[in-house]
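A.B. asks: Okay, here's the structure, questions in a sec.
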Amino acid sequence: MGRKLLLDKAHIENIRYYDVYRANGGYESAEKALKMTPELVLDEVKKSGLRGRGGAGFPTGMKWSFIAKPEGVPRYLVCNADESEPGTFKDRYLMEFLPHLLIEGLLISSYTLGANSCYIYIRGEYAWIPDILEEAIADAKKNGWLGKNIMGTGFDLEIYVQRGAGAYICGEETALIESLEGKRGNPRIKPPFPAIKGLWDCPTVVNNVETLAAIVPIMRIGGEEYAKYGTGKSTGTKLISACGNINKPGVYEIEMNISVEEFIYSEEYCGGIANGKRLKACIPGGSSVPIVPANLLLKTAKGETRMMTYESLSDGGFATGTMMGSGGFIVLDEDQCIVKNTLTFARFYHHESCGQCSPCREGTGWMERVLKNIEKGKGKMSDIDLLWDIQRKIEGNTICPLGDAAAWPVAAAIRHFRDEFEWHVLHPEESQVRNFGLAHYADPLEIAAPAAV
Amino acid sequence: MFSEAKLNKVKEIIARYPQGKQKSALLPVLHLAQEEFGGWLSAETMDYVASLLQITPIEVYEVATFYSMFNMKPVGKYVFEVCHTGPCMLRGSDNIVDYIKKKLDINVGETTKDGLFTLKTVECLGACGYAPMMQLGKHYREHLTPERVDEIINECRVNAN
């Protein structure tokens with residue numbers, strides 16, 4: 001059994017209620033942190049090597065150290081619970097089953113940052129979760145962990161829950177801030193970064209739910225000890241939400257020292273491919289990270305075992321690797337159609353583009369239309385190169401990373417499964433009644449880009 | 454017009470933000486308004502929300518039209534929002550959508566003649582491990598099968614009577 005830091009107590013009945021959580025060591029990390037200076041708590045977070053769990057993987061301690069501290073200006077902590085990346089449903093699990101773990105993490109983090117108000121921005125569709133969180137917040141307050149002069153330290157904190165209303169883009173931190181201010185979720189141009197000018201133009205830190213929950217075990221065991229979990233710069237544990245064609249979809253906590261093969265095939269985790277099928281491809285970090293065929297998923301291009309770490313998953317760059325991303329692990333079996341799968345993601349990003357930048361606003365819809373044609377057996381060979389061309393022109397040319405997120409799935413699908421796209425074009429009728437099946441996995445390096453581009 | 458209790462709720466929401474930042478209450482108040490006034494936001498409803506928050510109507514319109522959860526036209530009493538993004542598609546969401554279409558004799562985006570059901574396809578709702586799924590009101594209905602869909606439809610019909 002892998003070691004756990006976040007879900008180690010998830011099996012305890014009624015752990016979502018204050019009394020049970022407290023009786024099982026809950027709020028002891030907060031007790032410890034509140035006796036330290038904020039600077040010392042920050043040191044522990046830095047030592048832990050914790051990287052943002054929302055998808056970007058930026059070192060949390062460093063992000064916190066950027067926050068501006070002008071005299072007389074309030075600072076804010078915003079918890080990003082706008083979990084919307086297809087394949088990702090881990091934060092939902094934490095909030096539903098371990099709400100006090102999150103609240104304890106928010107308390108320690110707010111204390112460290114000097115924030116007296118904290119907002120949990122949760123996606124609107126998770127409509128039943130705010131009730132769970134608000135009940136937990138009320139119980140924490142009743143027991144002196146929130147409100148005025150917490151545990152006699154002189155530190156005040158209020159936590160509020162704000163529901164979004166259906167917009168993937170609000171997971172981007174500046175769009176989230178705009179939304180929290182009661183506006184459309186249009187990302188802001190950076191700089192200035194939120195750490196300088198965020199919510200209501202005040203210094204703000206925005207962190208993912210899992211990142212903030214991880215502060216609790218870091219304080220419990222200490223930053224150095226936390227850093228001993230995992231491998232290299234992938235310290236600690238990571239929640240992986242596994243879905244698609246596997247036997248045991250669900251949320252798993254892994255120590256970042258196991259292989260991808262173990263994660264997919266062991267009984268402890270995904271339990272293998274469903275219905276006795278073979279593995280075709282995988283998107284290991286949420287819909288925006290590159291899809292990789294089975295051969296490149298289990299081993300890197302150098303022939304090394306692919307591990308569930310930030311470094312190993314991205315080994316080989318986009319030519320032969322992918323990314324850890326948000327941990328939304330999507331598995332495709334041999335019966336799945338890569339063109340159809342790519343189409344649903346292109347449609348998703350088209351639907352979710354905020355419309356500010358023309359490459360994204362126009363490009364995502366264009367990619368969706370071209371992919372729809374190919375999928376319906378109405379595509380031309382030149383459409384495949386056209387798709388490649390469009391995604392190249394979106395990537396890097398937008399205010400926020402949604403453009404990149406829309407471009408990468410299309411690029412990776414063509415890079416690794418070009419033969420399947422060509423088969424759709426060459427066999428318009430057959431492609432409507434059967435799937436291409438397992439790819440022959442042509443050498444991905446040779447077909448990384450169409451010759452003409 | 455909101456009831457006294459709802460108006461107090463609005464006040465409580467506004468108090469979460471610093472003085473003068475009541476515009477931040479817009480999304481929560483629009484959710485309240487949609488629940489209260491028939492499941493959608495008419496121009497009158499949006500103007501009312503603007504007056505409550507002391508902002509201009511256009512500030513409400515531009516926000517209401519941006520977010521997919523706000524309905525800009527009337528919907529049925531029960532809205533089936535079936536996810537059809539990648540992970541749900543891999544687990545057969547297309548079949549579920551087709552089944553509901555046939556069963557209710559409507560297309561995606563339409564409402565049944567009795568005003569009871571609206572069918573929508575939506576993008577990823579964060580339930581990928583429990584696919585296929587749909588949102589029905591405040592809650593998710595997961596691990597959908599045709600039999601499960603039948604049960605849900607019956608349940609709605611019973612509740613409507």
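Protein sequence lines, in the order shown, are assigned to chains A and B.
Mapping to our numbering: the first sequence position 55 is 55, numbers consecutive.
Take any residue in the second sequence, count from 1 to its spot, add 453: that is its number in our numbering.
From the three backbone atoms N, C-alpha and C, an ideal C-beta is built for every residue, glycine too.
1. Quick one: which chain B residues come within Cβ less than 9 Å of PHE345/A?
2. Where does GLU268/A land, buried or exposed, given buried means 16+ other C-beta within 10 angstroms?
3. Using 10 angstroms around the beta-carbon of THR548/B, count the other beta-carbons present and answer buried if the total reaches 16, otherwise exposed.
4. My guess is that ALA30/A and TRP200/A are in contact by the Cβ rule of under 8 Å, so how many angstroms apart are they, rounded?
5. If you draw a straight line from the C-alpha of GLY562/B to the C-alpha of GLU85/A, how long is it?
6. Please confirm whether LYS474/B has its beta-carbon closer than 8 Å to some beta-carbon of chain A.
7. Can you name the residues of chain A whose CB is closer than 9 Å to the CB of HIS596/B?
8. Quick one: is MET367/A buried, meaning 16 or more other Cβ sit within 10 Å of its Cβ, or exposed?
9. Going along chain B, which residues have a C-beta under 7 Å from HIS351/A?
10. Taking any Cβ of chain A, which residues in the stretch 488 to 520 of chain B have a Cβ under 7 Å from it, in chain order?
11. Sorted by chain position, which residues of the same chain lie with C-beta nearer than 8 Å to GLU125/A's C-beta, five sequence neighbours on each side aside?
12. Return helix, strand or coil for GLU368/A, following the three-state DSSP convention.
13. Closest to ASN116/A by C-alpha separation, out of ASN80/A, VAL370/A, TYR76/A, would be which residue?
14. Give the straight-line distance between the Cα atoms of MET256/A and GLY2/A, rounded to the nearest whole angstrom.
15. Would you say PHE533/B and LEU494/B are within 8 Å of each other, going by their C-beta atoms?
16. Which same chain residues, not among the five before or five after THR398/A, have their C-beta less than 7 Å away from its C-beta?
17. Quick one: list the residues of chain E neighbouring TRP200/A, beta-carbon separation under 7 Å, in chain order.
18. Is the number of C-beta pairs between the stretch 369 to 376 of chain A and the stretch 336 to 351 of chain A that are closer than 8 Å three or more?
19. Once you ignore the five residues that flank ARG184/A on each side, which residues in its own chain have a CB closer than 8 Å to its CB?
20. May I ask you to list the residues that DSSP assigns as paired with LEU589/B?
21. On the three-state DSSP scale, how would you describe ASP500/B?
22. Where are the alpha helix (DSSP H) runs, 4 residues long or more, that stay fully inside the stretch 389 to 433 of chain A, in chain order?
23. Counting only Cβ pairs nearer than 8 Å, list the residues of chain B close to ILE330/A.
24. Pick helix, strand or coil for LEU180/A, following the three-state DSSP scheme.
25. Are the beta-carbon atoms of ILE215/A and SER109/A separated by less than 8 Å?
26. Buried or exposed for GLU600/B, please, with buried defined as at least 16 other CB atoms from any protein chain shown within 10 angstroms of its CB.
27. Does the Cβ-Cβ distance between GLY236/A and LEU386/A come in under 8 Å?
28. Counting only beta-carbon atoms, is MET586/B nearer than 8 Å to chain A?
29. Shortest alpha-carbon distance to GLU334/A belongs to which of ILE189/A, VAL20/A, LYS277/A, LEU102/A?
30. Suppose contacts are defined by Cβ-Cβ distances below 8 Å. Is THR322/A in contact with LEU313/A by that definition?
31. Report yes or no: is there a C-beta of chain B within less than 8 Å of the C-beta of GLN432/A?
32. Distance cutoff 8 Å, beta carbons only. Does PRO431/B sit that close to anything in chain A?
33. I'd like the span of the beta strand (DSSP E) that includes CYS270/A, first residue to last.
34. Taking CB distances under 8 Å as the criterion, tell me whether ALA442/A reaches chain B.
35. List, in chain order, every chain B residue whose beta-carbon is nearer than 8 Å to that of GLN336/A.
36. Against chain B, does ARG53/A count as a neighbour if the rule is that its beta carbon must be under 8 Å from one of theirs?
C.D. replies: So, from the listed chains and residues:
1. Within chain B, the residues near PHE345/A are THR538, GLY539.
2. Per the 10 Å Cβ criterion, exposed.
3. Sequence check: residue 548/B is Asn here, not Thr. Exposed, because fewer than 16 other Cβ atoms sit within 10 Å of the Cβ of ASN548/B.
4. Approximately 27 Å separates the beta-carbon atoms of ALA30/A and TRP200/A; this is outside 8 Å, ruling out the contact.
5. 24 Å
6. yes
7. Near HIS596/B there are no residues of chain A at all, since even the closest Cβ is about 10 Å away, more than 9 Å.
8. buried
9. GLU576
10. GLU515, VAL516, PHE519, TYR520
11. GLY166
12. The answer is helix: DSSP assigns GLU368/A an H, G or I state.
13. Ranking the options by Cα distance to ASN116/A, first place goes to TYR76/A.
14. 9 Å
15. no
16. Counting only Cβ-Cβ distances below 7 Å, and skipping sequence neighbours, we find CYS357, PRO359, CYS360.
17. The chain inventory of the structure shown lacks chain E, comprising the protein chains A and B.
18. yes
19. Contacts found: GLU178, CYS354.
20. PHE533/B, HIS592/B
21. helix
22. 402 to 426, 430 to 433
23. Within 8 Å Cβ-Cβ: GLY539, PRO540, LEU543, CYS581.
24. helix
25. yes
26. exposed
27. no
28. no
29. LYS277/A
30. yes
31. no
32. This structure cannot settle anything about residue 431/B, because the visible part of chain B is limited to 454 through 614.
33. Counting along the chain, CYS270/A falls outside any beta strand (DSSP E), and DSSP gives it neither H nor E.
34. Annotation note: pLDDT 40 at ALA442/A (below 50); position unreliable, no value reported.
35. LEU543
36. no
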